Structure formats: C-alpha cells, structure tokens
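In our numbering, the protein residues as written are 2 to 271. Beta carbons are placed, not taken as given, at the ideal position from N, Cα and C, and that holds for glycine. If you're wondering where the values come from, they're calculated on a predicted model, not measured in any experiment. Here is the structure we will look at, set down as structure tokens.
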C-alpha cells in the first residue's frame, strides 16, 4: 500500500508532463469531429439564400436525419479516443512508479479497479456521443435564430441594413462556428476523460492528493494561473476536495471547458 507523506512541496518528487491529456487523441478526435461540422454547414448552406432559409422544417429534419445517421460512427470515434486516453494515462503511471521506485502495476490491474474504469468509460462514451450528434442540431437552431432576427429587422419601418448585413455574415459562418464547436468538444472531452481516468487510478493506488499543472503558455486563463492571489501552478489539492477557482468554477484540472491543465498524482512509498 502507498501512503502520502506530509512533505513540503519541494520535497515531493515529480515527473512533469506525464499526466497531461493526450494531444494525439485530441487531434484525431478533433479531425473526425470537423467532418461532422463541415457536413452540417453544407446542409445549412443548401437551405439558405442570403438571410433567408427556404424551409426551416426541411432543413432541421435534414440535420436531425444526419445526426441519427452518424450515431454509430460517433460511438466508434468516442471509443477510439477513450482507448487512446486510457493507454496514455496508464503509461504515465508506469513511468511515474518507475521514477519513484514503486510497484503499482499490480494495484492498477485489480478487478475492482478495472471494473471502475469500464464504468467510467461507459459514462463518458454516452455523454460524448450525445455531444457529437448535437453538432448538426445546434448548428441548425443557430441558423434559424439568425434568419428570424433578419426578418425582424427587415420588417421594421426603417430597416437597419448594417444589422441585416451582419446577420447575413454570421449565417454564412455556420460551418466555421460548427467547426469551432467541434474543436471545443474535442479538447474538453479529451481532457475530461484524462482527468477522470487519472483520478480513479490515483485513488485506487492510495494517492490522496495531486499537484496542479497548467500548460504554461500565454493562453492559460487567469483563474487557472492565479488562485487566491497566489500562483496556481504546482499547488497541491486533495482528490476528494476539488478547489473552487477565482472564477467561481469548481473542479480538478482538465474538468473545465477548453481546459488544458492536468493533475499530477502524488505517489510515495509508505
């Protein structure tokens, strides 16, 4: 059994970066989801003329039919991503245990731990399939909203042409907006999967705490850099007590939308 000792931050050994979410898994997941975004955009474009939608019900039905059609494909893509994230996270544990002189492989292979991982994967899989198939549906709803706003502004006594032109521009960006949503889903869900698997594995081998790491670049949001007036990078938190950040959101690294942070479990000999 492994136990966390009450050591100072500097005394705790670390192997930085090993527990980061798999960039390979994210890139491949994003590449696949972009296909959905592009087809969704094409469907919308085929039903629009300027700021008008020829037939809203037909367009939405086409998008809904497409969402149903891709459901089996979405299940496969989610499963592939989860497999890659699991494998990446497992390698991180092997590397960490080797660096610290620990033998945790047999702990990770225990039946109860494996069952827990399977259930986590099932739950994440269900959520991700719903998100993937929502891309065309949400793209259609956005297009309808913009078209109705255009009608509203066009029927006024003095139509605001500048507003109508902007709505037309936004409607023309349907594919780009859907693609951005696909990117957000890919990054968020890959990081979330890594975070959940990471926590489950950590706690199964006796880790009670972790060290917070962010990506270390200029795109790190303020609340993921500063915590209660101090530098968040390297701070230690308990798995059973996720911090509430300065923006009011509560969670562990990687559990927030578009988050690139990750938790490094603290594993030490008893």
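Can residue i and residue j be called in contact, C-beta distance under 9 Å?
i           : j           : result
residue 255 : residue 209 : no
residue 138 : residue 78  : no
residue 175 : residue 89  : no
residue 92  : residue 19  : yes
residue 230 : residue 212 : no
residue 221 : residue 121 : no
residue 57  : residue 151 : no
residue 26  : residue 85  : yes
residue 129 : residue 203 : no
residue 96  : residue 268 : no
residue 126 : residue 187 : no
Please list, in chain order, all residues of the same chain as residue i whose beta carbon is under 7 Å from its beta carbon, the five residues on each side excluded.
i           : result
residue 179 : 38, 41, 42, 136, 140
residue 193 : 255, 256
residue 253 : 196, 200, 243, 264
residue 59  : 48
Quickly, what does DSSP pair residue i with across the bridge? List them, please.
i           : result
residue 67  : DSSP output for residue 67 lists no bridge partner at all.
residue 50  : 53
residue 214 : 263
residue 228 : 231
residue 1   : What the structure shows of the chain is the stretch from 2 to 271, and residue 1 is not part of that stretch, so it cannot be assessed.
residue 245 : 251
Apart from the five residues on each side of it in sequence, which residues of its chain come closer than 6 Å, Cβ to Cβ, to residue i?
i           : result
residue 245 : 251
residue 44  : 63, 64
residue 7   : Reliability of the predicted coordinates at residue 7 is poor, the pLDDT of 32 falling under 50, and no value is obtained from them.
residue 266 : 203, 208, 211
residue 124 : none
residue 21  : 263
When the Cα atoms are used, what is the spatial distance from residue i to residue j?
i           : j           : result
residue 258 : residue 165 : 32 Å
residue 82  : residue 228 : 31 Å
residue 28  : residue 191 : 10 Å
residue 15  : residue 237 : Any reading at residue 15 is ruled out, since the residue's pLDDT is 43, under 50, leaving its predicted position unreliable.
residue 261 : residue 215 : 6 Å
residue 248 : residue 225 : 9 Å
residue 162 : residue 232 : 48 Å
residue 223 : residue 239 : 22 Å
residue 281 : residue 153 : With the chain represented from 2 up to 271, any question about residue 281 goes unanswered, as that position is not in the structure.
residue 144 : residue 71  : 21 Å
residue 10  : residue 87  : Here residue 10 scores only 37 on pLDDT, less than 50, and its place in the model should not be relied on; the value that follows carries that caveat. Going by the C-alpha atoms only, they are around 28 Å apart.
residue 177 : residue 189 : 18 Å
residue 217 : residue 118 : 29 Å
residue 146 : residue 73  : 29 Å
residue 173 : residue 46  : 8 Å
residue 241 : residue 55  : 53 Å
residue 142 : residue 219 : 34 Å
Taking 8 Å as the cut-off, is the C-beta of residue i nearer than that to any heavy atom in the ligand ATP?
i           : result
residue 233 : Inclusion of the ligand ATP in the displayed structure is not the case, the ligand content being empty and no account of it being possible.
If you drop the 5 nearest sequence neighbours on each side, which residues of the same chain put their C-beta closer than 8 Å to that of residue i?
i          : result
residue 12 : Legend: pLDDT at residue 12 = 38, less than 50; position of this residue unreliable, value from coordinates given subsequently. Cβ neighbours of residue 12 beyond the five flanking positions: none.
>> If contact is defined by three or more beta carbon pairs under 8 Å, each pair taking one atom from either stretch, is the stretch 172 to 188 in contact with the stretch 197 to 207?
In response: no
>> I want to know whether the stretch 27 to 44 touches the stretch 129 to 136 - three or more CB-CB distances under 8 Å.
In response: yes
> Between the stretch 162 to 178 and the stretch 40 to 57, do three or more beta carbon pairs fall short of 8 Å?
Replying inline: yes
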